Amino acid sequence: MEITLQTAQEILKEMIKFASETKPGRPSSFAVVDRAGVLIAFIRMDGASPLTTRMAINKAYTAIDWGRDTKVVRETFFTGEAKRDVAWFGDPRHAPIPGGVLLRTKDNSIVGAVGSSGRTAEEDEELAQVGAKVWNGH
10 MEITLQTAQE ILKEMIKFAS ETKPGRPSSF AVVDRAGVLI AFIRMDGASP
60 LTTRMAINKA YTAIDWGRDT KVVRETFFTG EAKRDVAWFG DPRHAPIPGG
110 VLLRTKDNSI VGAVGSSGRT AEEDEELAQV GAKVWNGH
């Protein structure tokens, strides 16, 4: 199963809706990538900074590259005694910050990921989870 452009746009629409309803005036950016980490769809709310553009895309890419949500990547490799600098892993696109969530099929195959940027790490994670719920419900 592949993520279509139409499905990616539906995911983004719901993420924007949730973001606008929960904390209006806090612009964010959102991205959907395929299983290879290639951008399918992207949207940037009015007033969102250019940094949020890169970060939303890179969070989704990071989830794909590591095969796990960015929150888990951060907890596993960037905290505690095993802490590493992101440069250690050799890819400047890695963004081990909550807000990148994998999209999976019912048999747990990875088909893509969503990324959210522009708010706190916890809020970005919540918004990315909204995107994953849309995927799971389609």
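Residues 10 to 147 (the numbering used here) make up the sequence shown, in order.
Cβ atoms here follow ideal geometry from the backbone N, Cα and C, with glycine treated the same way.
This one's a predicted model, so the numbers in the text were calculated from it and none came from an experiment.
Going by C-alpha distance, which of the options is nearest residue i?
i, options, result
"I119", "K80, A50, A45, F86", "A45"
"L112", "G34, Y70, R83, F98", "Y70"
"D133", "P101, H147, T79, D100", "T79"
"D215", "T88, F87, D43", "Nothing can be reported for residue 215, as the shown portion of the chain is limited to 10 through 147."
"M10", "D116, K142, E135", "D116"
"A104", "A130, P33, Q138", "A130"
How about residue i and residue j: do their beta carbons lie closer than 9 Å?
i, j, result
"G124", "A72", "yes"
"G108", "A50", "no"
"I52", "W144", "no"
"G121", "A57", "no"
"R77", "I106", "no"
"M54", "A17", "no"
By DSSP's criteria, residue i is part of a beta bridge. Which residues make up the other side?
i, result
"S125", "F39"
"L21", "In the DSSP output, where bridge partners are listed per residue, L21 has none listed."
I need the straight-line Cα distance from residue i to residue j, nearest angstrom please.
i, j, result
"V110", "L60", "19 Å"
"G146", "F39", "19 Å"
"R93", "K68", "17 Å"
"L14", "V41", "9 Å"
"E23", "F87", "30 Å"
"I12", "D100", "25 Å"
Would you mind listing the beta strand (DSSP E) stretches within the segment 58-144 that are 3+ residues and don't spill past its ends, in chain order?
109-113, 119-126
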